[in-house]
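Peer 1: In this note's numbering, the protein residues as written are 45 to 138. Yeah, the Cβ is synthetic: ideal placement off N, Cα and C, and Gly gets one too. Handing you this structure, nothing more for now.
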């Protein structure tokens with residue numbers, strides 16, 4: 045294992061597969077031991093990375109939606125104020 049991965053946590057072993065890291069990572073690795081193989085563990089790591097990317101994309105979508113809603117609210121407020129001012133001016137002129 046790379047030194048940086050080893051530094052994440054204490055070494056654990058289940059069967060003939062050794063893994064390092066925090067408890068939630070260990071749980072995922074134990075789940076991956078159903079397949080009993082190093083290459084299968086790499087597949088699980090890739091799946092975890094894909095899940096993290098999907099979560100980040102969802103966060104980006106949420107941020108974009110919030111920004112669009114804020115911009116729409118600001119535009120509506122400005123348009124309403126302008127309409128109120130125009131109506132007052134028209135009332136005074138008439």
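Using only the alpha-carbon positions, how far apart do residue 127 and residue 133 sit?
Peer 2: Counting from 1 along the chain shown, the entry for residue 127 is found at position 83. Counting from 1 along the chain shown, the entry for residue 133 is found at position 89. Their Cα atoms are separated by approximately 10 Å.
Peer 1: Hey, how far is the Cα of residue 104 from the Cα of residue 119?
Peer 2: Within the chain shown, residue 104 is the residue found at index 60, counting from 1. Within the chain shown, residue 119 is the residue found at index 75, counting from 1. Their backbone Cα atoms lie some 22 Å apart in a straight line.
Peer 1: Given this structure, state the Cα-to-Cα distance separating residue 90 from residue 96, to the nearest angstrom.
Peer 2: The residue you call residue 90 lines up with position 46 of the chain shown. The residue you call residue 96 lines up with position 52 of the chain shown. If you take the alpha carbons of residue 90 and residue 96, they lie about 10 Å apart.
Peer 1: Under a Cβ-count criterion, where at least 16 other Cβ atoms within 10 Å of its own Cβ denotes burial, should residue 65 be classed as buried or exposed?
Peer 2: To locate residue 65, count along the chain shown from 1; it is residue 21. Low per-residue confidence applies at residue 65: pLDDT is 48, beneath 50, and the placement is therefore not dependable, though the value from the model is reported in the following sentence. It is buried - the Cβ of residue 65 has at least 16 other Cβ atoms within 10 Å.
Peer 1: Should residue 124 go down as buried or exposed, given a rule of 16 or more other Cβ atoms within 10 Å for buried?
Peer 2: To locate residue 124, count along the chain shown from 1; it is residue 80. Exposed, since its Cβ has fewer than 16 Cβ neighbours within 10 Å.
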